[in-house]
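Chains as they are written, first to last, in UniProt numbering: chain R, 1 to 375; chain E, 1 to 375. Think of the CB as a built atom: it goes at the ideal place given N, C-alpha and C, for glycine as much as any other residue. All values derive from a computational prediction rather than experimental measurement. Below is one structure, written out as structure tokens; comments come after it.
2 protein chains.
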Amino acid sequence: MYTLKKTASTTKARLGELKTAHGTIETPIFMPVGTLGTVKGVSQDTLADQIKAQIILGNTYHLYLRPGCDIIKEAGGLHKFMKWDLPILTDSGGYQIFSLSDNRELDEEGAHFQSHIDGSRHTFTPENVVETQRILGSDIMMLLDECPPYPSSYDYAKNSMELTHRWAKRGRKAFLEMKPLYGHEQAQFGIVQGGTYKDLRIESSKFMADQDFEGIAIGGLSVGEPIDMMYEFTDLNTDYLPKEKARYLMGVGTPANLLEGVARGVDMFDCVMPTRNARNGTIFTRNGRVNIRNAQWKEHHDYLDPDFPSDLCSKYTMAYIHHLIRNNEIFGMVLASIHNLTFYLWLMEEVRKRIADDTFGEWYPGMVERLENRI
Amino acid sequence: MYTLKKTASTTKARLGELKTAHGTIETPIFMPVGTLGTVKGVSQDTLADQIKAQIILGNTYHLYLRPGCDIIKEAGGLHKFMKWDLPILTDSGGYQIFSLSDNRELDEEGAHFQSHIDGSRHTFTPENVVETQRILGSDIMMLLDECPPYPSSYDYAKNSMELTHRWAKRGRKAFLEMKPLYGHEQAQFGIVQGGTYKDLRIESSKFMADQDFEGIAIGGLSVGEPIDMMYEFTDLNTDYLPKEKARYLMGVGTPANLLEGVARGVDMFDCVMPTRNARNGTIFTRNGRVNIRNAQWKEHHDYLDPDFPSDLCSKYTMAYIHHLIRNNEIFGMVLASIHNLTFYLWLMEEVRKRIADDTFGEWYPGMVERLENRI
């Protein structure tokens with residue numbers, strides 16, 4: 001599924017291609033998150049044509065609860081339901097069960113939880129999340145895992161990792177036994193866990209490397225640990241992951257985090273940050289981060305970045321955007337969401353160019369510094 | 001400013017053109033409401049290119065409070081602030097003072113009120129609303145009036161109307177004395193009041209007809225009175241309004257209301273209904289009104305109206321739109337807002353065609369019936 005095209009000479013950055021049933025993705029790539037079958041505030045046309053998203057994410061936990069599997073199955077899968085013809089990756093719901101549901105319990109069988117919507121009771125097992133993702137029809141599905149909180153004791157992290165490994169075997173078996181529903185192939189990614197313990201992280205990387213998953217995700221990071229620790233473990237994990245498979249760092253992150261992840265050999269990223277922060281007025285630019293709600297922008301009748309191809313940057317003034325966001329106008333949230341995603345995808349395109357001409361290693365530290373500015 | 005091109009043979013419907021500094025408007029027309037310098041949920045590009053809005057509304061009361069006159073003046077007027085090159089009409093704020101502000105008092109000088117945002121105290125006078133609208137730079141500005149509540153006693157309605165008439169003279173004087181700020185001409189419309197009393201309505205129509213306003217609005221209707229009473233007074237008012245000036249029925253209404261208004265000689269309409277109701281899931285179509293939140297749409301995997309040119313009707317299924325709106329997804333609100341406005345503007349285009357070929361009189365009663373269906 002993954003083809004490694006080039007490795008940078010001074011970092012672990014990789015240029016590659018990921019073939020899916022709905023098209024080929026150039027990596028490194030950022031995947032906008034479309035929790036409920038919509039990337040919040042952005043139309044599918046804008047995502048494809050303007051933002052140039054190559055793949056988006058859907059959340060199994062959320063889609064399972066709303067609209068529910070019956071509706072998506074009747075529609076012929078998530079692609080048809082939401083009219084999105086490019087690749088989709090779905091998570092397994094594991095992370096949401098632990099972060100959203102009020103009342104959850106874990107045992108060997110799976111995760112038992114109460115819906116955060118109506119309190120109804122459900123169980124996700126390694127097998128039925130495969131079944132659900134067959135119904136969703138995503139191009140890439142994820143295993144059910146347990147994401148241990150940070151910090152976790154060594155014993156907790158070890159037991160949790162071992163459970164995730166046993167679930168991985170069950171999930172893969174189910175994947176091989178259950179056929180796709182809509183005539184297109186799906187891939188399945190394993191997920192490395194192990195908390196913040198080196199030996200566990202190495203053990204989990206090796207374990208996942210030994211299975212026949214089509215790609216491997218690095219899970220359990222970006223959950224509250226210090227940023228250097230996230231970089232350290234990402235670096236450690238990719239050392240033990242096979243070169244011929246795509247690596248996906250789940251739930252990461254800021255633009256600077258993406259560059260640091262790429263430098264450590266990551267190919268795929270997803271995060272709600274560009275859209276969630278947009279709605280609150282945080283704008284990511286190539287010169288740093290802007291809080292458009294700040295009073296300094298109230299009378300700023302200029303453009304934020306006249307050469308950047310987004311309406312927020314080069315069509316409307318900062319004073320206008322400030323006014324929209326301060327007044328919670330939908331159009332302000334939409335402009336900011338489109339901009340932030342356009343910026344994330346632009347950044348990844350820059351990254352790919354820099355790896356291709358082998359200037360990534362010298363370019364990215366300065367770029368990280370710029371990206372971390374507060375304007 | 002207004003050119004009457006044709007009058008229907010069996011109704012009072014009129015086909016006309018309204019020339020403004022930012023372009024010529026074909027009438028009858030519906031004006032989308034852009035309260036705070038944005039038509040809620042819709043981009044300016046979509047408004048112009050897809051919805052085919054010819055003129056939009058801005059609210060003086062809201063823009064005066066947020067972002068404030070200083071900001072708009074620095075930007076060079078509302079057109080430049082919001083990047084909208086087509087005509088803009090601004091109301092005077094009179095209606096909002098009475099419907100929104102917590103604490104208001106009226107005297108001969110003007111309307112004293114507390115901001116609904118921060119409780120600060122302000123006064124609108126017939127003169128200073130002209131000044132504010134010179135700053136906004138709208139193509140058409142409105143007089144300050146008092147909109148009496150329904151029901152009002154005869155004495156209240158009479159005194160209120162007489163005050164509105166005295167304010168009209170002061171407002172016109174101010175308009176003639178204060179020059180435009182940005183090099184383009186602005187027009188000023190008078191507003192007929194008189195509550196729900198025939199003699200007052202006639203008196204107010206005659207009074208406004210005798211002034212030299214560029215157009216005349218029918219105010220004080222659609223404020224809670226029975227619908228037949230609104231039609232009756234609209235009909236009465238237009239009998240006394242000059243044929244050579246545009247007539248604008250303020251704050252109206254449903255698609256059926258628009259047709260009934262056109263039949264009674266109205267040229268211009270505005271209302272928040274298409275966007276406000278869209279956000280709650282009410283969709284207007286040529287076959288009637290749909291509440292997309294209803295459970296009947298949950299598993300309806302078909303299009304609402306495959307031949308109607310909006311994404312809501314012909315790109316996404318009802319089940320998907322239902323899912324978006326039920327989950328308060330921004331994209332659902334955006335799709336519904338764009339659709340409803342596209343529908344309103346489409347309807348007015350149909351109206352103009354029907355007046356042009358003189359089939360309006362036979363067509364509109366059946367269409368009103370269809371539009372009032374609940375699907």
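Per DSSP, the unbroken alpha helix (DSSP H) holding R/Tyr-156 starts and ends at 154–177. With respect to chain E, the C-beta atom of R/His-301 has a partner C-beta closer than 7 Å.
Beta-bridge pairing by DSSP links R/Gln-188 to R/Met-141. In this model, E/Lys-40 and R/Ile-330 are separated by some 6 Å (Cα to Cα). In chain order, Asn-280, Gly-281, His-322, Ile-325 and Arg-326 place their CB closer than 8 Å to the CB of E/Arg-293, counting only its own chain and leaving out the 5 sequence neighbours on each side. Residue pairing of R/Tyr-344 in beta bridges, as defined by DSSP: absent, with no partner found. DSSP places R/Phe-213 in the coil class of the three-state scheme, outside both helix and strand. Put simply, of R/Val-334, R/Gly-219 and R/Arg-170 the residue whose alpha carbon is nearest the alpha carbon of R/Asn-277 is R/Val-334.
With contacts defined by Cβ atoms closer than 7 Å, E/Ser-120 and E/Ile-88 do not form a contacting pair.
Contact between the segment 111–120 of chain E and the segment 31–40 of chain E is absent: fewer than three C-beta pairs spanning the two stretches fall below 8 Å. Sequence-distant Cβ neighbours of R/Leu-100 in its own chain, meaning closer than 8 Å and more than five residues away, are Tyr-61 and His-116.
Where R/Tyr-64 is concerned, there is no enclosing beta strand (DSSP E), because DSSP gives it neither an H nor an E. For R/Ser-43, the neighbours in chain E by C-beta distance under 9 Å run, in chain order, Asp-311, Phe-331, Val-334 and Leu-335. For the pair R/Ala-319 and E/Ile-71, the CB atoms are nearer than the 7 Å cut-off. Runs of the beta strand (DSSP E) spanning 3 or more residues and lying entirely within the segment 51–102 of chain E occur at 56–58 and 88–90, in chain order. By the neighbour-count criterion, in which a residue is buried when 16 or more other Cβ atoms sit within 10 angstroms of its Cβ, R/Asp-85 is exposed. Beta-bridge pairing by DSSP links R/Arg-352 to no other residue. Taking 7 Å as the threshold, the shortest C-beta distance from E/Thr-342 to chain R does not fall below it. Only residues of its own chain outside the window of five on either side were considered, and among them Phe-30, Ile-51, Lys-52 and Ala-53 have a CB closer than 7 Å to the CB of R/Leu-345, listed in chain order. Taking 7 Å as the CB threshold, R/Ala-278 stays off the interface with chain E.
Scanning E/Val-252, E/Leu-259 and E/Ala-263 for the CA closest to the CA of E/Asp-270 turns up E/Val-252. At least 7 Å separates the CB of R/Leu-136 from every CB of chain E. The three-state secondary structure of E/Val-33, taken from DSSP, is strand. Listed in chain order, the non-local C-beta contacts of E/Lys-298 below 6 Å within the same chain comprise His-322, local neighbours out to five positions each way being set aside. Chain order gives no chain R residues near E/Tyr-182, where near means a beta carbon separation below 7 Å; the closest approach is about 14 Å. The beta carbon of R/Arg-370 sits closer than 8 Å to the beta carbons of Arg-286, Asn-287 and Gly-288 from its chain, once the five residues preceding and following it are set aside; these are given in chain order. For E/Cys-271, the enclosing beta strand (DSSP E) covers residues 268–271.
With contacts defined by Cβ atoms closer than 7 Å, R/Asp-239 and R/Ile-191 do not form a contacting pair. E/Thr-254 sits in coil when the DSSP states are folded into three classes, being neither helix nor strand. Rounded to the nearest angstrom, the gap between the Cα atoms of E/Gly-93 and R/Met-348 is 48 Å. For chain R, the residues of the segment 74–87 of chain E that bring a beta carbon within less than 8 Å of one of its beta carbons are Glu-74, Ala-75, Phe-81, Met-82 and Lys-83, in chain order.
If you check each beta-carbon in the segment 92–126 of chain E against every beta-carbon of chain R, none falls closer than 7 Å. Take the alpha-carbon of E/Ile-55 and the one of E/Ala-75: they are about 20 Å apart. Not flagged as an interface residue toward chain E: R/Leu-47, since no C-beta distance is shorter than 7 Å. Taking CB atoms only, R/Pro-67 has a neighbour in chain E less than 7 Å away. For R/Tyr-316, the residues of chain E that pass the 7 Å Cβ criterion are Lys-83, in the order they occur in the chain.
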